[in-house]
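Trainee: Here the numbering used here is used: the first residue of the sequence shown is 50, the next is one more, and so on.
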Amino acid sequence: PAVVRLAGRAGVGAAAAAEAWSAVEQDFALDALRAAIAAAPAPGPFGPRARAALAEEVASAQARLAAQRLEGRRPDGSRANATAALVREAAAARDLAAVTVAVRGLAALG
50 PAVVRLAGRA GVGAAAAAEA WSAVEQDFAL DALRAAIAAA PAPGPFGPRA RAALAEEVAS
110 AQARLAAQRL EGRRPDGSRA NATAALVREA AAARDLAAVT VAVRGLAALG
């Protein structure tokens with residue numbers, strides 16, 4: 050559904066939207082970040098909400114970055130590389146604070 054929404058908003062075919070979506074996912078190791086969000090200890094009644102909010106923010110950032118890619122725009126290379134490194138580091142830590150910082154970095158790119 051996210052790729053179909055992206056295609057509709059961008060006015061492109063589903064294949065182009067899927068390619069942009071996948072490229073952003075790969076460039077920023079979003080699969081690893083999502084896995085870290087799911088695996089990070091988040092005790093208490095707000096833990097599940099925190100995980101859900103972070104996952105939603107990742108999807109939103111991915112949609113925004115993929116839409117920019119479809120428009121031929123990309124984030125500044127050095128900032129994008131630094132954010133990708135931060136995401137990979139946070140994903141390896143599997144810590145809720147680390148993934149929160151990484152998600153904020155993604156949000157700041159677009």
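Cβ atoms here follow ideal geometry from the backbone N, Cα and C, with glycine treated the same way.
Taking Cβ to Cβ, would you say V150 is nearer than 8 Å to L103?
Mentor: In the sequence shown, counting from the first residue as 1, residue 150 sits at position 101. In the sequence shown, counting from the first residue as 1, residue 103 sits at position 54. For V150 and L103, no; Cβs fall outside 8 Å.
Trainee: For A99, collect the residues of the same chain with a Cβ closer than 6 Å to its Cβ; drop the 5 residues on either side in sequence, then sort them by chain order.
Mentor: The residue labelled residue 99 in the question sits at position 50 within the sequence shown. Correct list, in chain order: A91.
Trainee: CA-CA distance, A67 and A56?
Mentor: Your numbering for residue 67 matches position 18 in the sequence shown. Your numbering for residue 56 matches position 7 in the sequence shown. About 8 Å.
Trainee: I'd like the list of long-range same chain contacts for R83, defined as Cβ closer than 7 Å, with 5 residues on each side in sequence excluded.
Mentor: The sequence position of residue 83 within the sequence shown is 34, counting from 1. So the qualifying residues of the chain are A104 and V107.
Trainee: Going by C-alpha to C-alpha distance, which of G93, R143 and L135 sits closest to A156?
Mentor: As a working mapping, residue 156 is identified with position 107 in the sequence shown. Looking at the Cα atoms, L135 is the closest of the given residues.
Trainee: Going by C-alpha distance, which of S71, P97 and D80 is nearest R190?
Mentor: The structure shown does not extend to residue 190, since the chain spans only 50 to 159, so no value can be given for it.
Trainee: R98 CB to nearest chain C CB: under 8 Å?
Mentor: The structure shown contains no chain C; it is built from a single protein chain.
Trainee: I need the boundaries of the alpha helix (DSSP H) containing A126, first residue and last residue.
Mentor: Position 77 of the sequence shown, counted from the first residue, corresponds to residue 126. In the sequence under discussion, the amino acid at residue 126 is Gly, which differs from the Ala named in the question. Counting along the chain, the alpha helix (DSSP H) containing G126 begins and ends at G126 to A142.
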